[in-house]
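*Asks:* For the sequence shown, the positions run 5 to 818 when the working numbering is used. Just so you know, even glycine gets a beta-carbon here, dropped at the ideal spot from N, CA and C. A single structure is presented below for examination.
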Amino acid sequence: MILQTKRLFRHLWRQRLFTLLNVLGLAVSISACWVIYRIVSYEYSFDDRLPRKEHTFRLVTGLNFDGKESYNGGASAPLYQGIREQVPGLKRVVPVFKRWIDAVNVPGQRPLDMTEFKGVVATDSSYFDMVPYTWLAGNPATALNAPENVVLTESRAKSYFGVLKPGELIGRALVYNGKDQKTITGIVRDLDYPTEFTAKEFFVLPPKQYELAEWTNTNGSDLLYLQLNDRADTARVLAQISNIAKQKWDENAIDKNLPDVMKRWYILLPLEDSHFSTFIREWETRKASKPVMRGLIGLGILLIVLACINYVNLSTALIPQRSREIGMRKVLGGNSSSLIKNILAETFVVVMLAVACSFIFTKLAYSFLGDIIPDGMHEYSNGWWIVYFLIALLVVVTLLSGSYPAWLITKVKPISLIQGPGTLHLNKGSRVGLRKVLIVFQFVIAQVFIAGAFIMGSQLNYTLKKDMGFDKDAVVLVNVPWKLQRDSVNRDKYFVLAEELKRETGIQAVSLGREPMSASYSSSLFENKGTQAKDPVRLQLYKKWVDTAYIRFYNMHLIAGRNIRPSDTTNEYLINETAMRALGFSSPQDAVGRLIGQTSMQQYPVVGVVKDFHTRDFHSSIDPVVILADKRNLGTINIKLNSADPDKWQQTLKLIEQKWNTFFPAGTFAYKFYDETLDAMYKQERNQSRLINLSTVIAVIISCLGLFGLAVLIAFQRTKEIGIRKVLGATVTGIVQMLMSDFVKLILIALLLASPIAWWGMNRWLEDFVYRVKIEWWMFLLSGLMAVIIAMLTISFQAIRAALANPVRSLRTV
Numbered sequence: 005m006i007l008q009t010k011r012l013f014r015h016l017w018r019q020r021l022f023t024l025l026n027v028l029g030l031a032v033s034i035s036a037c038w039v040i041y042r043i044v045s046y047e048y049s050f051d052d053r054l055p056r057k058e059h060t061f062r063l064v065t066g067l068n069f070d071g072k073e074s075y076n077g078g079a080s081a082p083l084y085q086g087i088r089e090q091v092p093g094l095k096r097v098v099p100v101f102k103r104w105i106d107a108v109n110v111p112g113q114r115p116l117d118m119t120e121f122k123g124v125v126a127t128d129s130s131y132f133d134m135v136p137y138t139w140l141a142g143n144p145a146t147a148l149n150a151p152e153n154v155v156l157t158e159s160r161a162k163s164y165f166g167v168l169k170p171g172e173l174i175g176r177a178l179v180y181n182g183k184d185q186k187t188i189t190g191i192v193r194d195l196d197y198p199t200e201f202t203a204k205e206f207f208v209l210p211p212k213q214y215e216l217a218e219w220t221n222t223n224g225s226d227l228l229y230l231q232l233n234d235r236a237d238t239a240r241v242l243a244q245i246s247n248i249a250k251q252k253w254d255e256n257a258i259d260k261n262l263p264d265v266m267k268r269w270y271i272l273l274p275l276e277d278s279h280f281s282t283f284i285r286e287w288e289t290r291k292a293s294k295p296v297m298r299g300l301i302g303l304g305i306l307l308i309v310l311a312c313i314n315y316v317n318l319s320t321a322l323i324p325q326r327s328r329e330i331g332m333r334k335v336l337g338g339n340s341s342s343l344i345k346n347i348l349a350e351t352f353v354v355v356m357l358a359v360a361c362s363f364i365f366t367k368l369a370y371s372f373l374g375d376i377i378p379d380g381m382h383e384y385s386n387g388w389w390i391v392y393f394l395i396a397l398l399v400v401v402t403l404l405s406g407s408y409p410a411w412l413i414t415k416v417k418p419i420s421l422i423q424g425p426g427t428l429h430l431n432k433g434s435r436v437g438l439r440k441v442l443i444v445f446q447f448v449i450a451q452v453f454i455a456g457a458f459i460m461g462s463q464l465n466y467t468l469k470k471d472m473g474f475d476k477d478a479v480v481l482v483n484v485p486w487k488l489q490r491d492s493v494n495r496d497k498y499f500v501l502a503e504e505l506k507r508e509t510g511i512q513a514v515s516l517g518r519e520p521m522s523a524s525y526s527s528s529l530f531e532n533k534g535t536q537a538k539d540p541v542r543l544q545l546y547k548k549w550v551d552t553a554y555i556r557f558y559n560m561h562l563i564a565g566r567n568i569r570p571s572d573t574t575n576e577y578l579i580n581e582t583a584m585r586a587l588g589f590s591s592p593q594d595a596v597g598r599l600i601g602q603t604s605m606q607q608y609p610v611v612g613v614v615k616d617f618h619t620r621d622f623h624s625s626i627d628p629v630v631i632l633a634d635k636r637n638l639g640t641i642n643i644k645l646n647s648a649d650p651d652k653w654q655q656t657l658k659l660i661e662q663k664w665n666t667f668f669p670a671g672t673f674a675y676k677f678y679d680e681t682l683d684a685m686y687k688q689e690r691n692q693s694r695l696i697n698l699s700t701v702i703a704v705i706i707s708c709l710g711l712f713g714l715a716v717l718i719a720f721q722r723t724k725e726i727g728i729r730k731v732l733g734a735t736v737t738g739i740v741q742m743l744m745s746d747f748v749k750l751i752l753i754a755l756l757l758a759s760p761i762a763w764w765g766m767n768r769w770l771e772d773f774v775y776r777v778k779i780e781w782w783m784f785l786l787s788g789l790m791a792v793i794i795a796m797l798t799i800s801f802q803a804i805r806a807a808l809a810n811p812v813r814s815l816r817t818v
């Protein structure tokens, strides 16, 4: 055993170049699989510890207006009471209604210094029956039995009170929004596993008598969870819920004389799918994508296969170098099973070394991937599962890499092995064709990645440089906290602040708006009653509240009419071209002066039409937008800095902060450049691009490691041929071309195979964009040229070295 181990390591050291190449290739692919496993296992582990997870559902509202389907993650607030009273077969009905808090303070103290109070929900005791928390203080049965009670998580309690013990906090008071005092009745430990339930403070949701109109209001902040009994029929439960809601919708439509233009329905979304429900538009909720997870798994498999192909190619190519050793073993009685064990043992040691090296590469990968890594993944421990995964990976890679070389050796005749290098023959045919197929496969994958990275980069560059219909350069957005917007005194102050900022030399212009230009947070149903049709034209328009400087500030093009005038309330509208056409107007001039308005509300004139502009990313077409003035709905200060002097921007920003603190000493100053907003719109695409870029680098490195090793072996095996050619007058250039020509042919074949695969994959990816680059033939030609250049650089050193070698040495008889 010791002798065999020494022989094994002696062989690996003798062929240390190829050992190093194999270890590096396998280590890179194993580290990639390691990272992918961590990401995928984390995303699929959400709420795994929740009891009855398979029987827990979230009620989601489907909406259809004018043929456009969308899904809202919430449900009508009154619905939970109706379901509890009228739907049998349910174990629990759990409302989780988000609450928006501007300020929190301990009585007698100033408000706590927190920019946002997230994670506050109103619910009842059924929540803690569905989601089991560890109670550190308080009685779970009575903690939420009165409207003035509040339960805190341990982390939120520490942020409010510091290091006080949980028991000491029971009975303490907190004041919310300066007027709503509540008593702490419970402290629970934070959930220590990935979960959709991230609330930190729990208010009581008391029963109430809801107005009829509230049944038609679907708020994404009002979440509703249902736990079904084991034998409950989901289809029947859903039908009963739909009947309850439809009855109320119909009553409200008759009561308000509303047109039937909006279709609604419900779906029961299994909790295990909730984390992957990317079709639901939700704020402040990170979702994962199952197609992306499947893509990552496929990517990991591909990279492992590439590394195993490297090992197979190099190992089989090295068999002639070991011919005498293996032949003597066979002649002296070594059987096939012992040879296979030896080869697999060598492979196992190489893979073990690769696993050890992968620890370093994995750390480097985490630092490179940055925000691609899901929040909370590093804190989440897979426990022993990561060890099991690495052991399984070790076994699988060993078998994939070592099985074919081991089998191949058993099929070689002993006499062929003893005859020495260069005379190796198999019992049946040649192995050269398989090696070429494997090289082509490697470079097909590499070129698909190269083409994909190039096309994705082109699309991202296009999205960032395309004209969005407004001027976004040197624009800074200062968010006005909600508590300041709702206070009329403070609201007047930020109008005064805007006027003061306009007088600063480092500022070109200032304007006020509800939200950033490239955002659409609010929409309403508008109608144009002035058409010749029997029924008015109705359209869901996205609303943008602005001041009179907004159009000029963003350099928007007014193509007809005039700008809106200052007003405390809405009394006139601007619309964009898309809204103009959808409302039935024949031209911008035709729209000016016509009356439109929200359904069942007063109508006001359209005073102007602006050229279309983008309010969303390029996945969506341009929205129909109505622009209106209302001083009560302006929550963002838009500041255009002096673009001629960017070196002084930081100085100007400090000045803005000083003035802000003068007007709002209790309000947190927060700003961001408009470019950051646009970057956030394409965060997912940027992450995908970075992932493809990294995968491209890994695939190219693995392929080139194998290519370099094969170039070394081929140059060695053709040493005498090269010597004879040089004696007969062959030039160095000619020999280099001879050695490289076969590889170039294989890479060109790979290009022909990779191009349609890359075109299909990238076309599928681009289908998600309304505005996209066109895939051109030269993109694939360029990716193929890059692959050829990389391959030539990889093997050129060894080819030139072989061509420059002394022919006398190569022709000596060994």
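#1: Measure the alpha-carbon distance for R620 versus D627 and round it to whole angstroms.
#2: What first and last residue would you give for the alpha helix (DSSP H) that runs through L394?
#3: Thinking just about the alpha-carbon of each residue, which of D52, L310, R298 is nearest to the one in L2?
#4: Starting from the Cα of Q446, find the closest Cα among L529, L711, A806 and give me that residue.
#5: Can you say whether V167 is buried or exposed, counting buried as having 16 or more other CB atoms within 10 angstroms of its CB?
#6: Closer than 7 Å by C-beta to L310: which residues in its own chain qualify, once you throw out the five before and the five after it? Chain order, please.
#7: In whole angstroms, what separates the C-alpha of M472 from that of L682?
#8: The alpha helix (DSSP H) that contains D226, what's its start and end?
#9: Cα separation between T603 and F69?
#10: Just to confirm my understanding: we take R103, look at its own chain, exclude 5 residues before and 5 after, and list those with CB closer than 7 Å. What are they?
#11: Starting from Y75, trace the beta strand (DSSP E) both ways and give me its first and last residue.
#12: Can you tell me whether R556 is buried or exposed, with buried defined as 16 or more other CB within 10 angstroms of its CB?
#13: Please report the straight-line C-alpha distance between I301 and T189, rounded to a whole angstrom.
#14: Does W388 pass the burial test, meaning 16 or more other C-beta atoms within 10 Å, or should it be called exposed?
#15: So the candidates are A595, F453, F22; which of them puts its Cα closest to the Cα of N694?
#16: If we ignore side chains and look at the alpha-carbon of each, how far apart do I376 and N691 end up?
#17: Label M605 either buried or exposed according to how many other C-beta atoms from any shown protein chain fall within 10 Å of its C-beta, with 16 as the threshold for buried.
#18: Distance check for E519 and C312, CA to CA, integer angstroms please.
#19: Between F530 and N665, what straight-line distance do the alpha-carbon atoms span, to the nearest angstrom?
#20: Span of the beta strand (DSSP E) holding K547?
#21: Starting from the Cα of P99, find the closest Cα among S129, F280, L178 and give me that residue.
#22: Thinking C-alpha only, which one of S341, Y546, A754 is nearest V444?
#23: Assign R768 to buried or exposed, taking buried as 16 or more other Cβ atoms, counted over all protein chains shown, within 10 Å of its Cβ.
#24: Hey, how far is the Cα of L63 from the Cα of S246?
#25: Hey, out of I794, A31, L757, I728, whose CA is closest to S362's CA?
#26: What's the C-alpha gap between V97 and A81?
#27: At the level of alpha carbons, what is the spacing between Y214 and A369?
#28: For S159, I'd like the list of residues in its chain whose CB is within less than 7 Å of its CB, leaving aside the five on either flank, ordered along the chain.
#29: Kindly indicate which residue of K186, N76, S787, M744 has the alpha-carbon position closest to the one of W763.
#30: In whole angstroms, give me the CA-to-CA distance for E581 and H618.
#31: Ends of the alpha helix (DSSP H) at I2?
#32: Quick check on this structure: which residue in Q662, G175, Y229 has the alpha carbon closest to the alpha carbon of E200?
#33: Taking the DSSP output, what are the residues bridged to A564?
#34: Nearest-angstrom Cα distance between R566 and F668?
#35: Would you tell me roughly how many angstroms separate the C-alpha atoms of L412 and T202, rounded to the nearest one?
#36: Alpha carbon to alpha carbon, how far is A795 from F22? Give it in angstroms, no decimals.
*Replies:* Working from what's here:
#1: In the sequence shown, residue 620 corresponds to position 616, counting from 1. In the sequence shown, residue 627 corresponds to position 623, counting from 1. Cα to Cα, the separation comes out at about 8 Å.
#2: Here residue 394 refers to the residue found at position 390 when the sequence shown is read from its first residue. Looking at the DSSP string, the run of the alpha helix (DSSP H) that includes L394 is 389-414.
#3: Past the edges of the chain, shown from 5 to 818, lies residue 2, and the structure says nothing about it.
#4: Residue mapping note: residue 446 aligns to position 442 of the sequence shown, counting from 1. Ranking L529, L711, A806 by Cα distance to Q446 puts L711 first.
#5: On the sequence shown, residue 167 is found 163 positions in, with the first residue counted as 1. When all chains shown are included, V167 counts as exposed.
#6: Mapped onto the sequence shown, residue 310 falls at position 306. Excluding sequence neighbours, L310 sits near S33, Q446, I449, A703, I706, S707.
#7: Position 468 of the sequence shown holds residue 472. Position 678 of the sequence shown holds residue 682. Answer to the nearest angstrom: the Cα atoms are 11 Å apart.
#8: Against the sequence shown, residue 226 aligns to sequence position 222. Element bounds for D226: not the alpha helix (DSSP H) but the beta strand (DSSP E), 226-232.
#9: Position 599 of the sequence shown, counted from the start, is the residue given in the question as residue 603. Position 65 of the sequence shown, counted from the start, is the residue given in the question as residue 69. Straight-line Cα distance between these residues: approximately 14 Å.
#10: Within the sequence shown, the letter at position 99 stands for residue 103. Closer than 7 Å at Cβ, skipping near neighbours: V124, V125, A126, F207.
#11: As a first step, residue 75 is located in the sequence shown; it is residue number 71 there, counting from the start. From DSSP, the beta strand (DSSP E) with Y75 extends over 72-76.
#12: Counting from one through the sequence shown, the residue named residue 556 turns up at place 552. So R556 ends up on the exposed side.
#13: By 1-based counting over the sequence shown, the position of residue 301 is 297. By 1-based counting over the sequence shown, the position of residue 189 is 185. Approximately 46 Å between the Cα atoms of the pair.
#14: Position 384 of the sequence shown, counted from the first residue, corresponds to residue 388. W388 comes out exposed.
#15: Walking along the sequence shown from the start, residue 694 turns up at place 690. Reading off the sequence, residue 694 comes out as Arg, not Asn. Out of A595, F453, F22, F453 has the C-alpha closest to the C-alpha of R694.
#16: Start at 1 with the first residue of the sequence shown, and residue 376 comes out as number 372. Start at 1 with the first residue of the sequence shown, and residue 691 comes out as number 687. Approximately 6 Å, taken between the alpha carbons.
#17: Looking up residue 605 in the sequence shown gives position 601. Classification for M605: exposed.
#18: Locating residue 312 in the sequence shown gives position 308, counting from the first residue. Locating residue 519 in the sequence shown gives position 515, counting from the first residue. Each residue's Cα considered, the two are about 53 Å apart.
#19: On the sequence shown, position 526 is the one that residue 530 refers to. On the sequence shown, position 661 is the one that residue 665 refers to. Looking at the two C-alpha atoms, the distance is approximately 40 Å.
#20: What you label residue 547 is simply residue 543 of the sequence shown in a count that begins at 1. K547 -> beta strand (DSSP E) spans 541-550.
#21: The sequence position of residue 99 within the sequence shown is 95, counting from 1. Looking at the Cα atoms, S129 is the closest of the given residues.
#22: For the purposes of this step, residue 444 is taken as residue 440 along the sequence shown, with counting starting at 1. Nearest C-alpha to V444: A754.
#23: For the purposes of this step, residue 768 is identified with residue 764 of the sequence shown, where counting begins at 1. Exposed, since its Cβ has fewer than 16 Cβ neighbours within 10 Å.
#24: Taking the first residue of the sequence shown as position 1, residue 63 is located at position 59. Taking the first residue of the sequence shown as position 1, residue 246 is located at position 242. About 11 Å.
#25: Taking the first residue of the sequence shown as 1, we reach residue 362 at position 358. Comparing Cα positions, the closest option is A31.
#26: Reading the sequence shown from its first residue, position 93 is the one you call residue 97. Reading the sequence shown from its first residue, position 77 is the one you call residue 81. Between V97 and A81, the C-alpha separation is close to 13 Å.
#27: Along the sequence shown, read from residue 1 onward, the residue named residue 214 stands at position 210. Along the sequence shown, read from residue 1 onward, the residue named residue 369 stands at position 365. Those two C-alpha atoms are separated by around 53 Å.
#28: As a working note, residue 159 is residue 155 in the sequence shown. Closer than 7 Å at Cβ, skipping near neighbours: D194, K204.
#29: By 1-based counting over the sequence shown, the position of residue 763 is 759. When only C-alpha atoms are compared, the closest one is S787.
#30: Mapped onto the sequence shown, residue 581 falls at position 577. Mapped onto the sequence shown, residue 618 falls at position 614. Those two C-alpha atoms are separated by around 12 Å.
#31: Residue 2 lies beyond the stretch modelled for the chain, which goes from 5 to 818, so this question has no answer here.
#32: Start at 1 with the first residue of the sequence shown, and residue 200 comes out as number 196. When each option's Cα is compared against that of E200, the closest is Y229.
#33: Taking the first residue of the sequence shown as 1, we reach residue 564 at position 560. DSSP output for A564 lists V613 as bridge partner(s).
#34: Taking the sequence shown and counting its residues from 1, one reaches residue 566 at position 562. Taking the sequence shown and counting its residues from 1, one reaches residue 668 at position 664. The C-alpha of R566 lies about 35 Å from the C-alpha of F668.
#35: Translated into positions along the sequence shown, residue 412 becomes position 408. Translated into positions along the sequence shown, residue 202 becomes position 198. Between the alpha carbons of L412 and T202 lies a distance of about 56 Å.
#36: Position 18 of the sequence shown holds residue 22. Position 791 of the sequence shown holds residue 795. F22 and A795: Cα-Cα distance of roughly 18 Å.
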